[in-house]
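Asker:
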Amino acid sequence: MWKFIVRRLLVTFPQIVLLSILVFVMAQFMPGDALTGQVDPNVSPEIKQQIRERLGLNNPWYVQYTDWIGGAVTGDFGQSFRFKMPVTDLIEQRIYNTFWLSLVTLIFMYIIAVPLGIISGRYNDTWLDQTITGYTYLGFATPLFIFALVMLWIFGYQFGWFPTSGSVAPGLSPGSWDYVWSKFQHLLLPALSMALIGTVSTVQYLRSEIVDTKQRDFIITARAKGASESRVYNRHILRNSVLPIAAFFGWEITGLISGTIFIERIFGYPGMGALFLESVLMRDYSVVTALVLLFGVAAILGALLSDIILSIVDPRIRIK
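For the sequence shown, counting from 1, position 86 maps to 86 in UniProt numbering; every step adds exactly one.
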């Protein structure tokens, strides 16, 4: 077990290094650079050249990369020209909103996926199974941003059940019950929108596992020995079918990264996804590179977490 984890960690570190290099190199092809927007356009080219020299923007790319990654390791991603503040402080303000949105979404996803997958797999080829399968097909075919817009229009504007923008109502004192309740209300609709679409793959996977497990020899043997149907499902079928779902946890984290970018923009939710789109549109070089690096590292760590969980529930995949 520990050998497997150590080997996966040894593979993960070069992946993060390669990711950082790719992020930096691609950022070099963006229009403008870290100086864009920080100086008056009317400043003479000579003064701009002096500033570029002072900031090290004329250095070779590998020297700039070393300086950038050295600052990133210490938590210094530079300065945001749009927000006029350190990128680290800016991300720190937004990361909590994205964290809570992702956490609530994950909770909703498993609350929805596990019961639906179990019902669909246990009663396969019935009208219940056909209904749930139809929902998953519809979820696969519906783009997240379209579904989110429909949810916002219906439950936000038409019914008025949820706030339509922001992360908390203005004028509330942080730490108070009204503040906490308002935060929850603001993230509830975005989280449900992501969960209802993101859960369909887990439902289908769990259904397939249950249907496949029901046909295994040891299930037939358990029934032949006179085990009750409830015992067969609870002790044998569900036990062997639900455990692999745990491995989806890390991959769900990876999927949420792309989901929050669109969801936060649509719902006006001030998280890292909305910050990323704003920074791309404003060509805020420092913020974009920092967020792409963080999103990439989160995806790599999510895959690592999935592999570790899967190795725990299914020891056959461990590397000897």
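Beta carbons are placed, not taken as given, at the ideal position from N, Cα and C, and that holds for glycine.
(1) In the DSSP assignment, what are the bridge partners of Pro-86?
(2) Buried or exposed, going by whether 16 or more other CB atoms sit within 10 Å of the CB of Lys-225?
(3) Look at Arg-265 and Ala-274 and say whether their C-beta atoms are less than 9 Å apart.
(4) With a 10 Å radius around its C-beta and 16 neighbouring C-beta atoms as the bar for buried, classify Ile-146 as buried or exposed.
(5) Enumerated in chain order, which unbroken segments of the alpha helix (DSSP H) with a length of 4 residues or greater are wholly contained in the segment 150-208?
(6) So the alpha helix (DSSP H) Asp-217 belongs to, where does it begin and stop?
(7) So what's Asn-124 in DSSP terms, helix, strand or just coil?
(8) Between Leu-152 and Phe-140, what straight-line distance do the alpha-carbon atoms span, to the nearest angstrom?
(9) So, are the CB atoms of Glu-252 and Leu-138 less than 9 Å apart?
(10) So for Tyr-269, helix, strand or coil by DSSP?
(11) Taking just the CA atoms, how far does Asp-217 sit from Arg-122?
(12) List the endpoints of the continuous alpha helix (DSSP H) containing Ile-237.
(13) If I measure Cβ to Cβ from Ser-286 and keep anything under 8 Å in the same chain, skipping five residues before and after, which residues do I get?
(14) Which residue comes first and which comes last in the alpha helix (DSSP H) that contains Thr-142?
(15) Any beta carbon from chain B within less than 9 Å of Thr-199's own beta carbon?
(16) Quick one: Cα of residue 321 to Cα of Arg-223, how far?
(17) Are the CB atoms of Tyr-110 and Leu-187 nearer to each other than 9 Å?
(18) Pairs of beta-carbons, one from the segment 113-127 and one from the segment 195-212, closer than 8 Å: are there three or more?
(19) Expressed to the nearest angstrom, what Euclidean distance is found between the alpha-carbon atoms of Asp-89 and Leu-310?
(20) With respect to the alpha helix (DSSP H) encompassing Asp-284, which residues constitute its N-terminal and C-terminal limits?
(21) To the nearest angstrom, how far is the alpha carbon of Val-11 from that of Glu-92?
Answerer: From the atom records:
(1) Translated into positions along the sequence shown, residue 86 becomes position 86. For Pro-86, the beta-bridge partners assigned by DSSP are Gln-79.
(2) Residue numbering aside, residue 225 sits at position 225 when the sequence shown is read from its first letter. Counting the other Cβ atoms within 10 Å of the Cβ of Lys-225 gives fewer than 16, which makes it exposed.
(3) Locating residue 265 in the sequence shown gives position 265, counting from the first residue. Locating residue 274 in the sequence shown gives position 274, counting from the first residue. Yes.
(4) Sequence index remark: in the sequence shown, residue 146 carries index 146 (1-based). Result: exposed.
(5) Counting only runs of 4 or more residues that sit fully inside the segment 150-208, the alpha helix (DSSP H) segments are 177-198, in chain order.
(6) Locating residue 217 in the sequence shown gives position 217, where the first residue counts as 1. Taken as a continuous stretch (DSSP letters only), the alpha helix (DSSP H) holding Asp-217 covers 217-224.
(7) To locate residue 124, count along the sequence shown from 1; it is residue 124. Secondary structure of Asn-124 (DSSP, three-state): coil.
(8) On the sequence shown, position 152 is the one that residue 152 refers to. On the sequence shown, position 140 is the one that residue 140 refers to. Between Leu-152 and Phe-140, the C-alpha separation is close to 20 Å.
(9) For the purposes of this step, residue 252 is taken as residue 252 along the sequence shown, with counting starting at 1. For the purposes of this step, residue 138 is taken as residue 138 along the sequence shown, with counting starting at 1. Against a cut-off of 9 Å, the Cβ pair of Leu-138 and Glu-252 comes out as no contact.
(10) As a working note, residue 269 is residue 269 in the sequence shown. Here Tyr-269 sits in coil by DSSP.
(11) Numbered from its first residue, the sequence shown carries residue 122 at position 122. Numbered from its first residue, the sequence shown carries residue 217 at position 217. In a straight line, the C-alpha of Arg-122 is about 17 Å away from that of Asp-217.
(12) In the sequence shown, residue 237 corresponds to position 237, counting from 1. Where Ile-237 is concerned, there is no enclosing alpha helix (DSSP H), because DSSP gives it neither an H nor an E.
(13) By 1-based counting over the sequence shown, the position of residue 286 is 286. Answer for Ser-286: Ala-34, Phe-77, Gly-78, Gln-79, Ser-80, Phe-81, Val-87, listed in chain order.
(14) Within the sequence shown, numbered from 1, the residue matching residue 142 stands at position 142. First-last for Thr-142: undefined, no H or E at that position.
(15) The chain inventory of the structure shown lacks chain B, comprising one protein chain alone.
(16) Residue coverage of the chain in this structure runs from 1 to 320, which leaves residue 321 outside it and unanswerable.
(17) By one-based count along the sequence shown, residue 110 stands at place 110. By one-based count along the sequence shown, residue 187 stands at place 187. Taking 9 Å as the Cβ cut-off, Tyr-110 and Leu-187 do not qualify as a contacting pair.
(18) Per the Cβ contact rule, the segment 113-127 is in contact with the segment 195-212 (3 or more Cβ pairs under 8 Å).
(19) Within the sequence shown, the letter at position 89 stands for residue 89. Within the sequence shown, the letter at position 310 stands for residue 310. Within the model, the alpha-carbon separation for Asp-89 versus Leu-310 is close to 36 Å.
(20) Here residue 284 refers to the residue found at position 284 of the sequence shown. Run containing Asp-284: none; DSSP gives neither H nor E here.
(21) The residue you call residue 11 lines up with position 11 of the sequence shown. The residue you call residue 92 lines up with position 92 of the sequence shown. Going by the C-alpha atoms only, they are around 28 Å apart.
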